[in-house]
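Structure first, commentary second.
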Ligand SMILES: Nc1ncnc2c1ncn2[C@@H]1O[C@H](COP(=O)(O)OP(=O)(O)OP(=O)(O)O)[C@@H](O)[C@H]1O
Ligand SMILES: [Mg+2]
């Protein structure tokens with residue numbers, strides 16, 4: 034397809050069943066450097082399963098994954114992190130009682146020692162969190178010392194993304210329904226945040242049910258239907274109606290039937 038663009042990630046013929054249920058069937062996917070690829074489709078279409086194959090949560094039954102053109106085996110979370118792939122799921126996985134720095138560094142806290150006794154290096158955590166949020170997520174949080182349950186939805190989203198970015202030399206950020214629980218203003222901020230991440234050269238896979246959001250932030254849209262890839266369109270050359278048609282499997286749909 035599109036020559037001149039570098040594929041970060043290539044899936045060919047990827048399938049995954051749970052018992053007799055074929056969740057993902059023979060799916061091809063291309064993700065290019067610095068693009069936002071949206072994955073849309075009805076409930077149960079196989080979107081989350083597909084991306085969990087990329088993040089090592091599930092192992093594909095068959096098919097091929099290439100990273101930078103090289104054949105890759107993703108059999109664990111570690112493999113996926115080493116490949117620079119991170120995901121932020123809808124629940125964000127934050128510890129609400131802890132402030133942002135403790136959440137970003139969770140399980141990987143820097144330590145300094147006084148007479149052999151380890152202390153968590155809060156100052157470094159705070160400084161690095163502030164830096165990652167500012168330089169790599171593109172957001173400044175005033176209230177870094179507050180527990181994250183005091184944060185807005187968008188701020189919590191930013192902290193979860195900062196953690197994903199901190200974890201690895203991030204190349205691919207997967208966001209599964211990042212705006213599902215957010216109000217309009219927070220949604221707008223999260224979309225800005227996605228644009229900022231893309232500008233920093235990171236490729237984004239965005240799973241969303243919201244076609245308005247998808248069309249405002251994505252470069253291309255891949256539609257999943259019944260476990261299969263039903264089509265891929267370029268946002269600049271497509272319409273919500275066309276995408277909706279691919280989602281439901283019919284050309285004849287009212288574009289406003291799908292929010
Ligand atoms: N761990 C699992 N065990 C068994 N079945 C599963 C598992 N995960 C997903 N499925 C099934 O696989 C199919 C695809 O599910 P998946 O979660 O990938 O869909 P989705 O497109 O993400 O849907 P949604 O929009 O509701 O999040 C569904 O029928 C689902 O019930
Ligand atoms: Mg899902």
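In our numbering, the protein residues as written are 34 to 292. C-beta atoms are modelled at their ideal positions from N, C-alpha and C, and glycine is treated no differently.
Beyond the five residues adjoining it in sequence on each side, residue 234 comes within less than 6 Å, by CB distance, of 67 in the same chain, given in chain order. Each of 80, 81, 209, 210, 240 has a C-beta closer than 7 Å to some heavy atom of ligand 2; these make up the full list, in chain order. Taken from the Cβ of residue 243, every heavy atom of ligand 1 lies 8 Å or farther away. Remark: the C-beta of residue 193 is outside contact range of ligand 1, defined as less than 8 Å to any heavy atom. Between ligand 1 and the CB of residue 148, the shortest heavy atom gap is not smaller than 8 Å. Here residue 79 is buried. Its C-beta has 16 or more other C-beta atoms within 10 Å.
Counting the other CB atoms within 10 Å of its CB gives residue 262 a total of 16 or more, which places it among the buried residues.
Within 8 Å of the C-beta of residue 57 there is at least one heavy atom belonging to ligand 1. With respect to the C-alpha of residue 47, the residue from 105, 144, 203, 126 having the closest C-alpha is 105.
Under the DSSP definition of a beta bridge, residue 65 partners with 40. Residue 130 sits in coil when the DSSP states are folded into three classes, being neither helix nor strand.
Apart from the 5 residues on each side of it in sequence, residue 172 sits with its Cβ closer than 7 Å to the Cβ of 166, 191, 226 in its chain, given in chain order. Under DSSP, the beta-bridge partners assigned to residue 50 are 55.
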